[in-house]
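Input: a single structure, listed below in structure tokens.
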Amino acid sequence: MITPTEKLSKILHLEAERYRNRAVFGGLGRYADTWLEEAREAFGPQATEATTAWIEEIARRLRAYGNLSDQANRRSALHALINLVQDAPIPKEKVEQKKEKVKAEAKEGPGTTEIPRQTRKRRTGLDSPITVLQGVGPRQSERLAKLGIRTIRDMLYCFPHRYDDYSQLKPINRLEYGEETTIIAQVWDAGARRTRGGASLFKATLSDGTGFIDATWFNQPYLANRIKPGQQIVVSGQVNEYLGRLCFSSPVWEPLEDELLHTGRLVPVYPLTAGIHAKWLRSLMKYTVDYWSKRLPDHLPNSVRDEYDLMSLETAITQIHFPDSKAAMEKARARLAFDELFVVQIGLLQQRHQWRSEPGRSLAVDETMHQRFIKHLPFELTGAQRKALQQIIADLRSEHPMNRLLQGDVGSGKTVVATAAMALTVASGAQAALMAPTAILAEQHYNTLTQLFAIYPGPTPTMRFLTGDVTGQEREDIYAGLASGTVDVVVGTHALIQETVQFKDLALAVIDEQHRFGVRQRAALRQKGYNPHLLVMTATPIPRSLELTVWGHLDVSVIDEMPPGRKAVITRLILPTERERAYSFLRSQVEKGRQAFIICPLVEASEKIETKAAIEEHERLQKYIFPDLRMGLLHGRMKGEEKEDTMARFARGDLDILVSTSVVEVGIDVPNATVMLIEGAERFGLSQLHQFRGRVGRGEHASYCLLVSDSVTPEAQARLKTMEETADGFVLAEKDLEMRGPGDFLGTRQSGLPDLQLASMSNLKRIEAAREAARRFFESDPELEAPENRLLAGRVALVWKGEGEIS
């Protein structure tokens, strides 16, 4: 069971990613009392005065952090807090266990600052387990594995997530309050004492000949054996003030040596986990980099390195971990980021090459029948729809299987394009299937296809609906119809990829919201036929940079034009003080017979906390704001059947208001819903807000999206103003990527794409350069068979291991 200290450590490291005081619901200041209660309970009545003082000091600093508004101050305060938490006292009941294990811990203990050495008499290589390094035993290897470090190669590619800049040395007489700096000084006096609360306080008086300054460390009595008068040390940290005098509080320090590791430089800061201390990991990393970077073969071809002025891999690895300067670090980052993108693009080109080398089914498209179908539609296709359809028809006629992404904004008309493609497939004598992520979405597609097929000028295709709820004889009849070919089109969910489902001649597979499916699920549908054509759809516009990476193996059709006559959703940014007016407006819409969504704030730290907040908000709204209205609740911890049932009730009109977390289904079509009220709108990305907005405005009535923001920062207000100014999902997607980064944009973790550690998805120029370099290189040696390309082939295979098919 995780201890309060371990839990707090995880929260603090999460907060250290952005310093926004949002790692826990309500901020760290509000969490202070929870920490105090949990820590006191964990240490129990046997806690010493020092332990009690340590607990209370942490609570005090948590409250103080909650009152800080400047990010620089938050950063300094948070790092001091992390250091304090790492020096957690040991509960009494564990002291005896600690004594018994001290010898084992000495061999692999995280607190040691001795540089680990390679164990002798053991053949090692880059893929050897990390235990070949002295100081890394079974316990430490398990802890390192939590950081993704299992081999020496993993160690080299575990990059710092930030740097503390202690490179600027200053004399003591020139120090200024609040600055982050480094001094080299001699210890004039040092000693430990007890505070009134019983805590240990170690103080050292330092001098460099220009002045004196005190440095204090809280609850670290062991420093009395390490810092002694007459010793030369290097101290790095924030300059504070106490009783009118400048001082250091819990700074980082190390003895003055020829090569500084923890101070006096750009100090790498690595992700940590329970039992792994920063200094120990940095020391281990220093030895590993010094010894093994020289033995790391450079897989990037010399021609590519020269063309793009990239440093060698050895130099890049050395400078990314322990940079000589900011410029060297940036150049190392550029080389390694290009590396990641280049290897990814080679992998994508290999997959595209493999796909196009497969024989496919060339369909005999009846152009006359197609044109008659288009004329029978009750609306005119937009130019973008016609262009996408022509691209798909060309693919269907090809002797190679189609592998195409159809992307378009909410309401742009992707379904009718997919329907036309399925109709042409059936007219050529083959079968088509459409798979959607939920039963509700699948049913909506089934109803749409039924209406469109009803006006098809030729024989009406036989269509069936298959989900997990279809059982008994009905299910067996569908199975038999698909196997015999009497069923032309099937629409369904994951049920379509069960082993018992067999097609006679599946020639076209359509996957809606394809990012909601895993790699194996998408591949499983394709395997139901002999290299069938594949059309995947998404309602989320994709930035160009992601299109070139996550979907770089696909041909792409874009519907960037909305059908005429579709009403824009009126979007307004609402201040918290205007919330009551928003509730009144929502009620007025319900009284007119309309329905509404209320989206609860996103809580990044925990789905459990987010769910609890949604439940409480639903209860508050039902009890105090809308007691007479029918309200439903949707959140991520509900079972699938419960979610489906709640959404079905809302779609039928049995609920007036649906309170939901961010799990509200993409693509859900409730034409009667006219209001989308989003609480904590600043916590969501623009693309996600746009998707929420797309849940309304689907009927004949005017619709509204109300964005309630608790943040008054200019950045947050400007970002949300963009939602008021444009309804173009492509514009919003680009701005979202620019402002927030990719995160898990459109389920990139489901894409099968290898993880990118350093490459930025917002750097389109670098992505395009890597793609062009990979394309030219791939054309000359698509199989990477040339002797000089074997290292690259090995790197591509290593990076793409287990990923394989990502369509």
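Sequential numbering from 4 applies to the sequence shown in our numbering.
Ideal Cβ positions, reconstructed from N, Cα and C, are used throughout, including at glycine.
Exercise. Keeping to the same chain, check which residues put their C-beta closer than 6 Å to that of residue 534; ignore five residues upstream and five downstream.
Key: Position 531 of the sequence shown, counted from the first residue, corresponds to residue 534. In chain order, 361, 363, 404 place their CB closer than 6 Å to the CB of residue 534, counting only its own chain and leaving out the 5 sequence neighbours on each side.
Quiz prompt | Same chain only: Cβ atoms within 6 Å of residue 375, ignoring 5 sequence neighbours per side | solution = Your numbering for residue 375 matches position 372 in the sequence shown. Contacts found: 460.
Practice problem: Can you give me the start and stop residues for the alpha helix (DSSP H) that residue 283 sits inside? | Solution: The residue given as residue 283 occupies position 280 in the sequence shown. For residue 283, the enclosing alpha helix (DSSP H) stretches over residues 281-295.
Exercise. State the DSSP-derived secondary structure class of residue 205, mapped to helix, strand or coil.
Key: Residue numbering aside, residue 205 sits at position 202 when the sequence shown is read from its first letter. Note: residue 205 maps to strand in three-state DSSP.
Quiz prompt | Coarse secondary structure for residue 726, derived from DSSP in three states | solution = If you number the sequence shown from 1, residue 726 lands on position 723. Under the three-state reduction of DSSP output, residue 726 falls in the helix class.
Quiz item: Is the beta carbon of residue 436 less than 9 Å from the beta carbon of residue 513?
Solution: Along the sequence shown, read from residue 1 onward, the residue named residue 436 stands at position 433. Along the sequence shown, read from residue 1 onward, the residue named residue 513 stands at position 510. For residue 436 and residue 513, yes; Cβs fall inside 9 Å.
Quiz item: Mapping DSSP to helix, strand and coil, what is residue 617?
Solution: In the sequence shown, residue 617 corresponds to position 614, counting from 1. The answer is helix: DSSP assigns residue 617 an H, G or I state.
Quiz item: Name the DSSP beta bridge partners of residue 413, please?
Solution: Start at 1 with the first residue of the sequence shown, and residue 413 comes out as number 410. Residue pairing by DSSP places residue 413 in no beta bridge whatsoever.
Quiz item: Beta carbon of residue 178, beta carbon of residue 216: below 9 Å?
Solution: Numbered from 1 along the sequence shown, position 175 holds the residue referred to as residue 178. Numbered from 1 along the sequence shown, position 213 holds the residue referred to as residue 216. For the 9 Å CB-CB criterion, residue 178 and residue 216 form a contact.
Quiz prompt | Rounded separation between residue 799 and residue 432 - CA only | solution = On the sequence shown, position 796 is the one that residue 799 refers to. On the sequence shown, position 429 is the one that residue 432 refers to. Each residue's Cα considered, the two are about 41 Å apart.
Quiz item: Can you name the start and end residues of the beta strand (DSSP E) that residue 467 belongs to?
Solution: For the purposes of this step, residue 467 is taken as residue 464 along the sequence shown, with counting starting at 1. Run containing residue 467: 466-469, per the beta strand (DSSP E) assignment.
Quiz prompt | Environment of residue 696 [buried if 16+ CB atoms lie within 10 Å] | solution = Counted from its first residue, the sequence shown places residue 696 at position 693. Label assigned to residue 696: buried.
Quiz item: Would residue 747 be called buried (16 or more neighbouring beta carbons within 10 Å of its own) or exposed?
Solution: For this step, residue 747 is matched to residue 744 along the sequence shown. Because the pLDDT at residue 747 is just 45, under 50, the model does not fix this residue reliably, and the point stays unresolved.
Self-check item: Coil, strand or helix - residue 450 by DSSP
Solution: Position 447 of the sequence shown, counting from 1, holds the residue named residue 450. The answer is helix: DSSP assigns residue 450 an H, G or I state.
Practice problem: Output the residue ranges of the alpha helix (DSSP H) runs that lie fully inside the stretch 20-75 and measure 4 residues or longer, sorted by chain position. | Solution: 30-46, 52-69, all fully within the stretch 20-75.
Self-check item: Burial state of residue 667 (16 or more Cβ within 10 Å)
Solution: Residue numbering aside, residue 667 sits at position 664 when the sequence shown is read from its first letter. With 16 or more other Cβ atoms inside 10 Å of its own Cβ, residue 667 counts as buried.
Self-check item: Given residue 209 as reference, the closest of 196, 192, 413, 201 once Cα atoms are compared
Solution: Position 206 of the sequence shown holds residue 209. The shortest C-alpha separation from residue 209 is found at 192.
Practice problem: Can you grab the Cα-Cα spacing for the pair residue 329 / residue 341, in whole Å? | Solution: Taking the first residue of the sequence shown as position 1, residue 329 is located at position 326. Taking the first residue of the sequence shown as position 1, residue 341 is located at position 338. In a straight line, the C-alpha of residue 329 is about 18 Å away from that of residue 341.
Exercise. Kindly identify the DSSP beta-bridge partner or partners of residue 89.
Key: For the purposes of this step, residue 89 is taken as the residue at position 86 of the sequence shown. According to DSSP, which records beta bridges pairwise, residue 89 is partnered with nothing at all.
Self-check item: From 389, 425, 792, residue whose alpha carbon lies closest to that of residue 537
Solution: In the sequence shown, the residue the question calls residue 537 occupies position 534. That would be 425, whose Cα lies nearest to the Cα of residue 537.
Exercise. Determine the closest residue to residue 797 out of 48, 598, 299, with distance taken between C-alpha atoms.
Key: As a working note, residue 797 is residue 794 in the sequence shown. When only C-alpha atoms are compared, the closest one is 299.
Quiz item: Would you say residue 676 and residue 711 are within 9 Å of each other, going by their C-beta atoms?
Solution: On the sequence shown, position 673 is the one that residue 676 refers to. On the sequence shown, position 708 is the one that residue 711 refers to. In this structure, residue 711 does not lie closer than 9 Å to residue 676 by Cβ.
Exercise. Spatial neighbours of residue 320 within its chain, please: CB distance less than 7 Å, with the 5 preceding and 5 following residues excluded, ordered by chain position.
Key: For the purposes of this step, residue 320 is taken as residue 317 along the sequence shown, with counting starting at 1. Excluding sequence neighbours, residue 320 sits near 159, 292, 296, 299.
Quiz item: Where do the ends of the beta strand (DSSP E) carrying residue 237 lie?
Solution: Within the sequence shown, residue 237 is the residue found at index 234, counting from 1. 235-245 is the extent of the beta strand (DSSP E) around residue 237.
Quiz item: Taking just the CA atoms, how far does residue 592 sit from residue 661?
Solution: Translated into positions along the sequence shown, residue 661 becomes position 658. Translated into positions along the sequence shown, residue 592 becomes position 589. Rounded to whole angstroms, residue 661 to residue 592 spans 14 Å at the Cα level.
Exercise. To the nearest angstrom, report how far apart residue 622 and residue 81 are at their CA atoms.
Key: Indexing the sequence shown from 1 puts residue 622 at position 619. Indexing the sequence shown from 1 puts residue 81 at position 78. Distance from the CA atom of residue 622 to the CA atom of residue 81, rounded to whole angstroms, is 35 Å.
Quiz prompt | Counterpart residues of residue 708 in DSSP-defined beta bridges | solution = Counted from its first residue, the sequence shown places residue 708 at position 705. Answer is 574, 679, bridged to residue 708.
Quiz item: By Cβ distance below 7 Å, which residues in the same chain neighbour residue 725 in space, the five residues on each side in sequence not counted?
Solution: Residue mapping note: residue 725 aligns to position 722 of the sequence shown, counting from 1. Answer for residue 725: 689, 735, 738, listed in chain order.
Quiz item: DSSP on residue 780, reduced to helix/strand/coil?
Solution: Position 777 of the sequence shown, counted from the start, is the residue given in the question as residue 780. Of the three classes helix, strand and coil, the one that applies to residue 780 here is helix, per DSSP.
Quiz item: First and last residue of the alpha helix (DSSP H) that includes residue 487?
Solution: Taking the sequence shown and counting its residues from 1, the one referred to as residue 487 is at position 484. Annotation: the continuous alpha helix (DSSP H) that includes residue 487 extends over 475-487.
Quiz item: Are the stretch 560-567 and the stretch 387-396 in contact at 8 Å, needing three or more beta carbon pairs?
Solution: Cβ pair count under 8 Å is three or more, so yes.
Practice problem: Tell me whether residue 114 sits in a helix, a strand or coil according to DSSP, three-state version. | Solution: As a position in the sequence shown, residue 114 is number 111, starting the count at 1. Bear in mind that a pLDDT of 42 at residue 114, under 50, signals an unreliable position, so the model cannot answer this.
Quiz item: Who are the Cβ neighbours of residue 2 in its own chain at under 8 Å, not counting the five residues just before and after it?
Solution: What is shown of the chain runs 4 to 810, which leaves residue 2 out entirely.
Quiz item: So what's residue 660 in DSSP terms, helix, strand or just coil?
Solution: Position 657 of the sequence shown, counted from the first residue, corresponds to residue 660. Residue 660 falls in the strand class under three-state DSSP.
Quiz item: Which class does residue 313 belong to by DSSP, given the choice of helix, strand or coil?
Solution: Position 310 of the sequence shown, counted from the start, is the residue given in the question as residue 313. Residue 313: coil per DSSP, three-state reduction.
Self-check item: Top-ranked residue by Cα proximity to residue 672, from 598, 137, 352, 64
Solution: Translated into the one-based positions of the sequence shown, residue 672 becomes position 669. Of the listed residues, the one whose Cα sits closest to residue 672 is 598.
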